[in-house]
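Colleague: Count the sequence shown with the numbering used here and you get residues 112 to 301, in order. I'd like to ask you about the structure that follows.
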Amino acid sequence: MSRIGKVEKVTREAEVYLLVNLDGEGKRNISTTIGFLDHMLEVFSEFSLFDIEIRAKGDTHIDDHHLVEEIGLCFGKAIRDACGDDIERFADSKVPLDESLCEFVLDISGRPYFFLHNAHLIRESFYGNILFIFFDGVARGGGFTIHCTVERGMNSHHIVEAAFKAAALSFKKATRKRNLGRISSTKGYI
112 MSRIGKVEKV TREAEVYLLV NLDGEGKRNI STTIGFLDHM LEVFSEFSLF
162 DIEIRAKGDT HIDDHHLVEE IGLCFGKAIR DACGDDIERF ADSKVPLDES
212 LCEFVLDISG RPYFFLHNAH LIRESFYGNI LFIFFDGVAR GGGFTIHCTV
262 ERGMNSHHIV EAAFKAAALS FKKATRKRNL GRISSTKGYI
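Encoded structure:
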């Protein structure tokens with residue numbers, strides 16, 4: 112039985128339809144009206160093997176921020192809804208892309224927190240803003256603790272792509288079923 116999360120959300124700023132199958136093959140159909148974000152989500156699908164379907168549009172004539180944030184919030188919620196409790200929960204991955212190196216550490220904890228270490232390397236770029244806004248939304252939408260570290264890099268596109276690849280590998284590992292019949296928590300809940 113596939114683990115699928117689906118979210119539909121309409122606000123004055125954005126409309127998002129999002130479906131994630133955690134037990135997929137990396138199939139995707141993504142249209143956000145933001146070409147670079149589409150590319151990063153395709154990368155995420157390829158390396159996580161999550162099947163992802165996204166249709167989204169928003170007030171991008173003002174700024175991409177609202178749409179990127181709403182997609183992140185919906186993405187996090189869909190993953191959390193799909194994964195259940197008997198999962199690995201923790202994961203970390205480190206990925207290079209040419210001169211760039213990024214690490215992505217994840218806890219599916221029910222405790223939303225996102226921190227971008229060494230943000231000064233990319234934060235004020237178009238690419239860096241997408242990275243920060245999207246994964247901050249993912250953390251809040253799913254209740255995930257995420258630390259993303261930019262260890263090095265000079266090309267903002269490469270840095271962000273390495274981060275999305277590392278994120279994909281971490282989500283792939285953390286959402287893996289343990290099949291132990293119990294929650295991965297001493298508290299008894301996540």
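The beta-carbon is built from N, C-alpha and C at its ideal position, and this holds for glycine as well.
Residue 191 lies in the alpha helix (DSSP H); which residues open and close that run?
Modeller: Element bounds for residue 191: 176–194.
Colleague: Do the stretch 176–194 and the stretch 127–134 touch if we need at least three Cβ pairs shorter than 8 Å?
Modeller: Touching, yes.
Colleague: According to the neighbour-count rule (16 or more other Cβ atoms, all chains shown, within 10 Å of its Cβ), is residue 272 buried or exposed?
Modeller: Residue 272 should be labelled buried.
Colleague: Determine the closest residue to residue 233 out of 212, 183, 265 and 204, with distance taken between C-alpha atoms.
Modeller: Ranking 212, 183, 265 and 204 by Cα distance to residue 233 puts 265 first.
Colleague: Taking the continuous alpha helix (DSSP H) assigned at residue 280, which residues delimit it?
Modeller: That run of the alpha helix (DSSP H) goes 267–285.
Colleague: Enumerate, from N- to C-terminal direction, the unbroken alpha helix (DSSP H) stretches of 4 or more residues contained entirely within the stretch 204–267.
Modeller: Within the stretch 204–267, the complete alpha helix (DSSP H) runs of at least 4 residues are 237–253.
Colleague: Can you find the residues in the same chain that come closer than 6 Å, C-beta to C-beta, to residue 238, ignoring five residues on each side of it along the sequence?
Modeller: Only 267, 268 and 271 meet the Cβ criterion.
Colleague: Is residue 142 helix, strand or coil by DSSP?
Modeller: Strand at residue 142.
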